[in-house]
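Participant: When you line the sequence shown up against this note's numbering, it's residues 358 to 790, in that order.
Each residue gets a CB set at the ideal place from its N, CA and C atoms; glycine is no exception.
These figures come from a predicted structure and were not determined experimentally.
Got a structure for you, questions after.
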Amino acid sequence: MSRGSSNGSGGGRAVRTDNPAVRRARQRALMIAVDTTGNGSTEEMGELLRTAGVATVGEMTQRRPEPDPDRYFGQGKLEEVKAEIERTDANLVACDDELAPRQERNLEAALGVPVIDRTAVILDIFADHAHSAEGKLQVELAQLEYNLARMRGLWTHLERLGAGIGTRGPGESQIETDRRLARDRIAALRRRLKGVEQNRGVMRSRRQESTIPQVALAGYTNAGKSTLLNALTGAEVGVGDRLFHTLDPTTRGYEFEGRRYLVTDTVGFIEKLPHQLVEAFRATLEETVLSDLLLQVVDASSDEERMLVQMQAADSVLSEIGAGDKPRILVLNKIDLLDADQRAEVRIRLPDAIPVSASTGEGLEVLKAEIDRVFEDTMAAVELFVPYSQGARLHDLHEVAGHIEREDEPDGVRVRTRLPSGQIHRFKDLAVG
Ligand SMILES: Nc1nc2c(ncn2[C@@H]2O[C@H](COP(=O)(O)OP(=O)(O)OP(=O)(O)O)[C@@H](O)[C@H]2O)c(=O)[nH]1
Ligand SMILES: [Mg+2]
358 MSRGSSNGSG GGRAVRTDNP AVRRARQRAL MIAVDTTGNG STEEMGELLR TAGVATVGEM
418 TQRRPEPDPD RYFGQGKLEE VKAEIERTDA NLVACDDELA PRQERNLEAA LGVPVIDRTA
478 VILDIFADHA HSAEGKLQVE LAQLEYNLAR MRGLWTHLER LGAGIGTRGP GESQIETDRR
538 LARDRIAALR RRLKGVEQNR GVMRSRRQES TIPQVALAGY TNAGKSTLLN ALTGAEVGVG
598 DRLFHTLDPT TRGYEFEGRR YLVTDTVGFI EKLPHQLVEA FRATLEETVL SDLLLQVVDA
658 SSDEERMLVQ MQAADSVLSE IGAGDKPRIL VLNKIDLLDA DQRAEVRIRL PDAIPVSAST
718 GEGLEVLKAE IDRVFEDTMA AVELFVPYSQ GARLHDLHEV AGHIEREDEP DGVRVRTRLP
778 SGQIHRFKDL AVG
């Protein structure tokens, strides 16, 4: 692919804003994106920037089979970007892809303003939203790993700035020292995280030993998972109209027709979630893997294409963390924002999905009944004998079992019931026959 061939070729588009609030914003980004498919959207990157507190003053996309390995865009297109930076008074360029350190360096040299990539923006949002000790450690680890790869680039940049004014730039030894410090810190963070994870592991295994069915909320960030947790269980988890509002897992319970359920809300998904974050948040995401059932929450008010993209993003993260095969219920949230025609349309398009509104409470009883039904489906018939000496286990049984048929005998109780497949092993010693 000759770099020149893409110069100024019609694929680009530019938008500008005259919104005074945007013109006043301190960080004013010109967004750049390579569109490899011809129908790529920069909407998500715009939302990420908004969440990070950066105004978008314009965007330029270039249609090409893949980004230029050295400078992301073609040389001619970069000239256009430069002109656009002038015209929009941008003080930052934000790239809707993860840039190789070399691409980032070359772009900064060519454009004369700082260049940030998609991963840096997401890391920044996570850093801002992390509240728990564990969340903070996870984010710091992800940031260090991201920075380690770029450190040489960073110092080269500083050296260049220092050149000519008599300052001595940090030499190779300084770079090496910094890399070593970063690696030491990474190792220390990993150790501390392990400690925190073990702690949470204890709580988790206690929860798992309990016989209560575990439901995990999964889905695209901002789909309304936390709002749904609150609506189902009466919890008061924070909710916000921004991406990645929730980073820490929260578990709460509710009861439906005498059976108790635990619901866990955790970090949301996005397209191209940086692998450093998937790695760092693996333990948090595992809450999802260990559940019995997933509620995949989708924002029904986004248009059809966005909805598909969001469902695919969730699918790919779920399979990456090993939860691809879990029993799943698709939940179409924010149905209150749809009119009758739109509702009819999504019903045809996604007939198995349960439409709800976490805000108004519409559809929640149907959803609870569906959760109950899916659990019933995973159940198998068992016959048990519970000696009177182990009477407490009848109580355990009542927590998980469906309808229980019991017959009192001289030494204990004969029980016929159905148990969720994941729970059968806990009562194996009582099995009859
Ligand atoms: N109209 C309407 N808005 C909703 C509904 N559910 C949630 N929202 C709004 O959608 C936004 C995101 O809700 P959250 O519950 O924070 O979403 P989340 O999926 O937990 O998002 P993250 O934690 O960022 O991954 C908030 O502004 C909510 O008020 C709903 O059923 N109807
Ligand atoms: Mg949330």
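1) How about Lys691: is its Cβ closer than 7 angstroms to a heavy atom in ligand 3?
2) Out of Arg617, Asp598 and Ala447, which has the shortest C-alpha to C-alpha gap to Asp729?
3) Can you tell me which of the three DSSP states Phe784 falls into?
4) DSSP on Gly367, reduced to helix/strand/coil?
5) Measure the C-alpha to C-alpha separation of Asp622 and Gln432 and round it to an integer number of angstroms.
6) Could you pull out every residue in the same chain whose Cβ sits closer than 7 angstroms to the Cβ of Asp474, ignoring the five residues on either side in sequence?
7) Judging by CA-CA distance, which residue of Asp768, Arg542, Ala487 and Arg704 is the nearest neighbour of Val624?
8) Is the beta carbon of Thr399 less than 8 angstroms from the beta carbon of Glu416?
9) So who's on the other strand from Val770, going by DSSP bridges?
10) What's the C-alpha gap between Arg750 and Pro606?
11) With distances taken Cα to Cα, identify the nearest neighbour of Arg663 among Thr608, Gly679 and Glu401.
12) Under a criterion of Cβ closer than 7 angstroms to any non-hydrogen atom of ligand 2, which residues qualify, in chain order?
13) Examine ligand 1 and report whether any of its heavy atoms sits within less than 7 angstroms of the Cβ of Ala592.
14) Here's a check: name, in chain order, each residue in its chain whose Cβ is nearer than 8 angstroms to the Cβ of Pro631, leaving out the five neighbours to either side.
15) In the DSSP assignment, what residue or residues form a beta bridge with Pro318?
16) I'd like to confirm the pairing. Which residues does DSSP put opposite Gln495 in its beta bridges?
17) Could you give the distance in angstroms between the alpha-carbon of Met358 and the alpha-carbon of Glu423?
18) I'd like to check one pair, Leu387 with Tyr429: are the Cβ atoms closer than 8 angstroms?
19) Given a cut-off of 8 angstroms on the beta-carbon distance, is the pair Leu689 and Ala657 in contact?
Facilitator: Quick answer:
1) This structure lacks ligand 3; the ligands present are ligand 1 and ligand 2.
2) Position 372 of the sequence shown, counting from 1, holds the residue named residue 729. Nearest C-alpha to Asp729: Arg617.
3) As a first step, residue 784 must be located in the sequence shown, where it is residue number 427. Helix, per DSSP.
4) Residue numbering aside, residue 367 sits at position 10 when the sequence shown is read from its first letter. Confidence is the limiting factor: at Gly367 the pLDDT is only 36, short of 50, which leaves the residue's position unreliable, though a coordinate-based value still follows. It is coil, neither helix nor strand.
5) Taking the first residue of the sequence shown as position 1, residue 622 is located at position 265. Taking the first residue of the sequence shown as position 1, residue 432 is located at position 75. Cα to Cα, Asp622 sits roughly 46 angstroms from Gln432.
6) Within the sequence shown, residue 474 is the residue found at index 117, counting from 1. These residues qualify, in order along the chain: Cys452, Asp454, Glu455, Leu456 and Glu461.
7) Mapped onto the sequence shown, residue 624 falls at position 267. It is Ala487 whose Cα lies nearest to the Cα of Val624.
8) Indexing the sequence shown from 1 puts residue 399 at position 42. Indexing the sequence shown from 1 puts residue 416 at position 59. Cβ atoms of Thr399 and Glu416: closer than 8 angstroms.
9) Taking the first residue of the sequence shown as position 1, residue 770 is located at position 413. Under DSSP, the beta-bridge partners assigned to Val770 are Val743 and Asp765.
10) In the sequence shown, counting from the first residue as 1, residue 750 sits at position 393. In the sequence shown, counting from the first residue as 1, residue 606 sits at position 249. One C-alpha to the other measures close to 30 angstroms.
11) Working through the sequence shown from its first residue, we reach residue 663 at position 306. Nearest to Arg663 by alpha-carbon distance, out of Thr608, Gly679 and Glu401, is Glu401.
12) The answer, residue by residue, is Lys582, Ser583, Val594, Val596, His602, Thr603, Asp622 and Gly625.
13) Residue 592 sits at position 235 when you count from the first residue of the sequence shown. No heavy atom of ligand 1 is found nearer than 7 angstroms to the CB of Ala592.
14) Numbered from 1 along the sequence shown, position 274 holds the residue referred to as residue 631. Cβ within range, chain order: Glu455, Arg475, Thr476, Ile479, Leu480, Ala499 and Tyr503.
15) This structure cannot speak to residue 318, because the chain is shown only from 358 to 790.
16) If you number the sequence shown from 1, residue 495 lands on position 138. In DSSP, Gln495 forms no bridge with anything.
17) Within the sequence shown, the letter at position 1 stands for residue 358. Within the sequence shown, the letter at position 66 stands for residue 423. With a pLDDT of 32 at Met358, under the threshold of 50, the modelled position of this residue cannot be trusted; read the value that follows with caution. About 10 angstroms.
18) Here residue 429 corresponds to residue number 72 of the sequence shown, with the count starting at 1. Here residue 387 corresponds to residue number 30 of the sequence shown, with the count starting at 1. No.
19) For the purposes of this step, residue 689 is taken as the residue at position 332 of the sequence shown. For the purposes of this step, residue 657 is taken as the residue at position 300 of the sequence shown. Yes, they are a contact pair.
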